[in-house]
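Counted the way full-length UniProt numbering counts, the sequence shown spans residues 1 to 157.
Idealized CB from N, CA, C, for every residue including glycine.
A quick note: this is a predicted structure, and the numbers were derived from the prediction, not measured.
For reference, the structure discussed in these notes is given below.
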Amino acid sequence: MSPVSRRRLLAALPVAAVAVPLATACTAEPKPPPPPDPLAALAEQARKDAAAATALAQSSPDVAAPVGEVAKARAAHAQALQAEVDRENPPKPSSGAPPPTSGTPTPPPAATKATLVEALKAAEQKTAELVPTVPRYRAGLLGSVAASCATLREVLA
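Written out as structure tokens, the structure is:
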């Protein structure tokens with residue numbers, strides 16, 4: 001093996017000076033993460049509404065039947081919306097144990113029949129606003145949720 005002469009080393013430096021930046025420039029930039037799915041927020045709100053309705057049904061026997069129906073319906077909404085979110089953006093499998101949770105979960109804020117009606121009205125409006133901005137198959141789901149929220153408000157009236 002012959003030693004590299006100074007002349008060869010000096011001749012190779014300009015080539016290396018050009019090759020390294022070119023190699024770096026050719027690497028692709030990572031894709032930005034996709035924006036959050038608007039249905040995820042609706043699913044989370046439906047879960048909160050279901051929890052509030054369940055708490056109200058347990059604490060107020062006089063309205064337990066209609067409020068219990070609201071809790072069931074909002075839980076079904078949450079499940080359907082989350083299924084669509086997961087279908088569109090499959091969750092990444094976790095490689096380890098789930099993160100530890102604190103001792104006791106935070107209870108939902110005390111709900112009244114009036115706050116539940118307001119929550120249903122807000123959910124109906126948010127859902128209806130999204131209908132024109134999503135593909136048709138998602139619009140059908142959102143339309144069903146909005147119509148159900150309107151019906152549930154009438155049940156509580």
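Roughly how many whole angstroms lie between the Cα atoms of residue i and residue j?
i: Ala157; j: Leu141; result: 25 Å
i: Ser5; j: Val20; result: 22 Å
i: Glu44; j: Gln79; result: 10 Å
i: Val67; j: Ser60; result: 9 Å
i: Leu13; j: Arg7; result: 10 Å
i: Leu10; j: Lys92; result: 50 Å
i: Arg138; j: Lys48; result: 21 Å
i: Val155; j: Ala146; result: 14 Å
i: Val131; j: Ala65; result: 31 Å
i: Thr127; j: Val15; result: 60 Å
i: Lys121; j: Ala41; result: 16 Å
i: Leu81; j: Glu29; result: 32 Å
i: Pro34; j: Arg136; result: 20 Å
i: Pro90; j: His77; result: 19 Å
i: Leu39; j: Lys72; result: 19 Å
Count the other C-beta atoms from every protein chain shown that fall within 10 angstroms of the C-beta of residue i, then say buried if there are 16 or more, exposed otherwise.
i: Ala111; result: buried
i: Ser144; result: exposed
i: Arg74; result: buried
i: residue 158; result: Since the displayed the chain opens at 1 and closes at 157, residue 158 lies outside it and no answer follows.
i: Thr133; result: exposed
i: Val18; result: exposed
i: Ala46; result: buried
Of all the CB atoms in chain C, is at least one closer than 8 Å to the CB of residue i?
i: Pro14; result: Going by chain labels, chain C is absent from the structure shown, which holds only one protein chain.
What do you reckon, are the CB atoms on residue i and residue j nearer than 8 Å?
i: Val70; j: Leu152; result: yes
i: Glu124; j: Cys149; result: yes
i: Lys31; j: Val63; result: no
i: Leu116; j: Ala50; result: no
i: Glu88; j: Asp37; result: yes
Can you tell me where the alpha helix (DSSP H) with residue i in it begins and where it stops?
i: Ala147; result: Arg136 to Leu156
i: Lys92; result: Where Lys92 is concerned, there is no enclosing alpha helix (DSSP H), given that its DSSP letter is neither H nor E.
i: Ala28; result: Segment: none, Ala28 is in no alpha helix (DSSP H) and carries neither H nor E.
i: Ser59; result: Pro38 to Ser59
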